[in-house]
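Q: Dumping the structure here so I can ask a few things about it.
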Amino acid sequence: MPSSHRRHRLLAALTVAVLGLTACAPGASVEREPIAQVEGDLPGDMQERLQAAVETAMAATGSTGAIVEVRAPWSGVWTKALGTTTPEGPAVTTDMKFRIGPVTRTMTCDVLYGMADRGIVSIDDALGDWLSGFPSLAEVTLGELCDSSSGLSTYANEVASRWYANPTRTWSAKELVAYGVAKGLDGEPGAAYKDSDTGYLLLALALERASHQTAAELFEEYVFAPLEMDGSSLPQTTRGSDGWLNGLRSGTTKSATNCAAPTDLTSMSPTTGFTAGGAVSDIDELSDYIQAVALGVRSYDTEERFADPLPISGSAPSWFTAKGGAFQAGSLVGNSGSVPGYLTAAYADTETGLSVAVVLNNSRASGTVARQLAWQLAAVASKAPAASGETAPEAGGLPWEAATFGEAIVDSAICPLP
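In structure tokens, the structure reads:
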């Protein structure tokens, strides 16, 4: 099976790198051995539970297709493509690429920490040290932009209607930043988490200035090359998108969501998201990536990056926080949300290596659904029995039950459930 072949190839490559027998990209390398993945699939009854959860989320969001991979290192793997690319399209396959949405933000912070490790920038550098033209933001630090604690607002809400009207238009990062910056700061920088796509574009512009490289080159050097993510990229166009999972969005007809005939947004320019949501990958490489982040296997990974996280909001559970360009949910680290056409999530356990990566191909519903589905799948897989010769983690590692988020997805359904 292709995914199994890649996991074995990647583990071998990472192990060799750890032993110092090969060199990786000049800006980053893999220095710690990852948790080994046991051979074989997850038990059949567990696969049925996982698939049922994904199918319910597909129906609830109006998605025609989904791709998912769940890895429990002590038990097995489940990789599955479900449905069709469009209502009348061909079957989805596990090797299809897709936009990974907010996981791109975690990668942007990887570049920051990688460049800081090399002494090119400091996490505490002020934005004004690298970019002029933003006097009100001059003292905001690069770390605060990464943590999404700068107080900046989002630009997406201001321009989304124009994206849908002209999806193939190429957008300048500076133009998008201007929409977010125009609203000013909401609160003292560093004081609280506030979701801000604007901040990740500003961070990228500063890192481009400091390195004299493009964001795409920086992603390749610090994120993709060390993990042999040969199929992943930060593209400027959708040229070469044949074979991608189609990205859809249901419109509204007579005050109701049109679940039967969604609009195809696959051709929308990835520049709408840039370093906040424009990266492209496949399910295997996304799984490799989020495990590497959670387990801290790269040369620039530090415990400080995720230390002292900020609450998501005043009403969020105490175990749901954010820092370093990622969410923390119990022992899981990752990111999730939506970009036009896709709901995506990728999380991995910092202790066990358990990982979940999933994409649904209709973005009309809230991006929260992707997070809820990933956490539901993680709760199911966390109870996977140990394969022969392996030891399962102690029960109770995650502070929620699968049913909690399964019910939440049903309750928030925007399309009819079977």
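Sequence positions in the sequence shown follow mature numbering (1 follows the signal peptide of the UniProt record, and there is no 0) and run -25 to -1, 1 to 393. The C-beta atom is built at its ideal place from N, Cα and C for all residues, glycine as well.
1. Counting only the same chain and skipping the five closest in sequence on each side, list residues whose C-beta sits under 7 Å from that of V286.
2. Ends of the beta strand (DSSP E) at L270?
3. Since A301 contacts V268 with CB under 8 Å, what's their CB separation in whole angstroms?
4. On a Cα-Cα basis, can you pick out the residue from L209, D386 and M82 that is closest to T343?
5. By DSSP's criteria, R7 is part of a beta bridge. Which residues make up the other side?
6. When burial is assigned at 16 or more other CB atoms within 10 Å of the CB, is E14 buried or exposed?
7. Between which two residues does the alpha helix (DSSP H) harbouring R137 extend?
8. Would you mind reading off the limits of the alpha helix (DSSP H) that contains E163?
9. Is the beta carbon of L220 less than 8 Å from the beta carbon of G76?
10. To which residues of the same chain is A(-3) closer than 7 Å at the C-beta, ignoring the five residues directly before and after it?
11. Could you give the residue range of the alpha helix (DSSP H) that holds A91?
12. DSSP three-state call for Y197: helix, strand or coil?
13. So, under 8 Å CB-CB, S274 and A27 are touching, yes? Tell me the CB distance rounded to an integer number of Å.
14. Going by DSSP, what residues sit across from Q303 in a beta bridge?
15. Rounded to whole angstroms, what is the Cα-Cα separation between V156 and E163?
16. Between the Cα of A236 and the Cα atoms of D20, V308, C390 and A47, which residue gives the shortest distance?
17. Answer yes or no: do A323 and L329 have a C-beta to C-beta separation smaller than 8 Å?
18. With a CB to CB cut of under 8 Å and the five nearest residues on each side skipped, what residues in its chain are close to Y154?
19. Which stretch, first to last residue, makes up the beta strand (DSSP E) that contains T54?
20. Alpha helix (DSSP H) containing E203: first to last residue?
21. Any heavy atom of the ligand PLP closer than 7 Å to the Cβ of E326?
22. Three Cβ pairs or more, each shorter than 8 Å: is that satisfied between the region 116 to 128 and the region 304 to 320?
23. In whole angstroms, give me the CA-to-CA distance for E23 and T212.
24. Which residues does DSSP list as the beta-bridge partners of I42?
25. Less than 8 Å between the beta carbons of S124 and D170, yes or no?
26. Would DSSP call A339 helix, strand or coil?
27. How about L223 and D239: do their beta carbons lie closer than 8 Å?
28. Three or more beta-carbon pairs under 8 Å between the region 187 to 207 and the region 86 to 93, yes or no?
29. Tell me S107's beta-bridge partners as DSSP assigns them.
30. Thinking R339 and G37 are a contact (beta carbons under 8 Å), I'd like their distance in whole angstroms, please.
31. Using a Cβ-Cβ cutoff of less than 7 Å, which residues in the same chain neighbour P360 once the five nearest sequence positions on both sides are dropped?
32. At what residues does the alpha helix (DSSP H) containing L177 begin and finish?
33. Using only the alpha-carbon positions, how far apart do L57 and G94 sit?
34. Please state whether DSSP places L392 in a helix, a strand or coil.
35. Measuring alpha carbon to alpha carbon, tell me which residue in K298, E376 and V355 is nearest D85.
36. Can you name, in chain order, every residue of its own chain whose Cβ lies under 8 Å from the Cβ of D16, other than the five neighbours on each side?
A: In this structure, then:
1. Along the sequence shown, read from residue 1 onward, the residue named residue 286 stands at position 311. Contrary to the premise, residue 286 reads as Pro rather than Val in this sequence. Cβ neighbours of P286 beyond the five flanking positions: Y168 and T296.
2. In the sequence shown, the residue the question calls residue 270 occupies position 295. Per DSSP, L270 belongs to no beta strand (DSSP E); it is in the alpha helix (DSSP H), I258 to L270.
3. Taking the sequence shown and counting its residues from 1, the one referred to as residue 301 is at position 326. Taking the sequence shown and counting its residues from 1, the one referred to as residue 268 is at position 293. Contact flag correct, Cβ pair sits at about 7 Å.
4. Here residue 343 refers to the residue found at position 368 of the sequence shown. Comparing Cα positions, the closest option is D386.
5. In the sequence shown, counting from the first residue as 1, residue 7 sits at position 32. For R7, which the question treats as bridged, DSSP gives no partner whatsoever.
6. If you number the sequence shown from 1, residue 14 lands on position 39. Burial call: exposed.
7. Position 162 of the sequence shown, counted from the start, is the residue given in the question as residue 137. First-last of the alpha helix (DSSP H) with R137: A131 to A140.
8. What you label residue 163 is simply residue 188 of the sequence shown in a count that begins at 1. Run containing E163: none; DSSP gives neither H nor E here.
9. Here residue 220 refers to the residue found at position 245 when the sequence shown is read from its first residue. Here residue 76 refers to the residue found at position 101 when the sequence shown is read from its first residue. Cβ atoms of L220 and G76: not closer than 8 Å.
10. For the purposes of this step, residue -3 is taken as residue 23 along the sequence shown, with counting starting at 1. For A(-3), the pLDDT reaches just 41, beneath the cut-off of 50, and the residue's location in the model is therefore unreliable, leaving the point undetermined.
11. Here residue 91 refers to the residue found at position 116 when the sequence shown is read from its first residue. V78 to D92 is the extent of the alpha helix (DSSP H) around A91.
12. Counted from its first residue, the sequence shown places residue 197 at position 222. Of the three classes helix, strand and coil, the one that applies to Y197 here is helix, per DSSP.
13. Taking the first residue of the sequence shown as 1, we reach residue 274 at position 299. Taking the first residue of the sequence shown as 1, we reach residue 27 at position 52. With 8 Å as the limit, S274 and A27 do not qualify as a contact, their Cβ atoms being about 41 Å apart.
14. As a working note, residue 303 is residue 328 in the sequence shown. Under DSSP, Q303 shares a beta bridge with T296 and V308.
15. Taking the first residue of the sequence shown as 1, we reach residue 156 at position 181. Taking the first residue of the sequence shown as 1, we reach residue 163 at position 188. Taking C-alpha positions only, V156 is separated from E163 by approximately 15 Å.
16. Residue mapping note: residue 236 aligns to position 261 of the sequence shown, counting from 1. Among D20, V308, C390 and A47, the Cα nearest to that of A236 is on C390.
17. For the purposes of this step, residue 323 is taken as residue 348 along the sequence shown, with counting starting at 1. For the purposes of this step, residue 329 is taken as residue 354 along the sequence shown, with counting starting at 1. Contact: yes.
18. As a working note, residue 154 is residue 179 in the sequence shown. Taken in chain order, the residues that qualify are Y130, E133, V134 and T173.
19. Translated into positions along the sequence shown, residue 54 becomes position 79. Looking at the DSSP string, the run of the beta strand (DSSP E) that includes T54 is G51 to G58.
20. Counted from its first residue, the sequence shown places residue 203 at position 228. Note, E203: premise wrong, no alpha helix (DSSP H); not H, not E.
21. With respect to the ligand PLP, the structure offers nothing, as it holds no ligand at all.
22. no
23. Counting from one through the sequence shown, the residue named residue 23 turns up at place 48. Counting from one through the sequence shown, the residue named residue 212 turns up at place 237. Taking the straight line joining both Cα atoms gives about 38 Å.
24. Residue mapping note: residue 42 aligns to position 67 of the sequence shown, counting from 1. Looking at the DSSP assignment, I42 forms a beta bridge with A56 and V334.
25. The sequence position of residue 124 within the sequence shown is 149, counting from 1. The sequence position of residue 170 within the sequence shown is 195, counting from 1. Result no, Cβ atoms of S124 and D170 do not sit closer than 8 Å.
26. Against the sequence shown, residue 339 aligns to sequence position 364. Looking at the sequence shown, residue 339 is not Ala but Arg. DSSP places R339 in coil when its eight states are reduced to three.
27. Mapped onto the sequence shown, residue 223 falls at position 248. Mapped onto the sequence shown, residue 239 falls at position 264. Yes, these two residues count as a Cβ contact at 8 Å.
28. yes
29. As a working mapping, residue 107 is identified with position 132 in the sequence shown. DSSP lists no partner for S107.
30. Counted from its first residue, the sequence shown places residue 339 at position 364. Counted from its first residue, the sequence shown places residue 37 at position 62. Right, their Cβ atoms sit about 6 Å apart.
31. As a position in the sequence shown, residue 360 is number 385, starting the count at 1. Cβ neighbours of P360 beyond the five flanking positions: P18, S50 and A367.
32. One-based indexing of the sequence shown puts residue 177 at position 202. Taken as a continuous stretch (DSSP letters only), the alpha helix (DSSP H) holding L177 covers D172 to S186.
33. Numbered from 1 along the sequence shown, position 82 holds the residue referred to as residue 57. Numbered from 1 along the sequence shown, position 119 holds the residue referred to as residue 94. In a straight line, the C-alpha of L57 is about 45 Å away from that of G94.
34. For this step, residue 392 is matched to residue 417 along the sequence shown. Coil.
35. Looking up residue 85 in the sequence shown gives position 110. The residue with the shortest Cα to Cα distance from D85 is K298.
36. The residue labelled residue 16 in the question sits at position 41 within the sequence shown. Excluding residues within five positions, the ones whose Cβ falls inside 8 Å are Q22, G51, V52 and W53.
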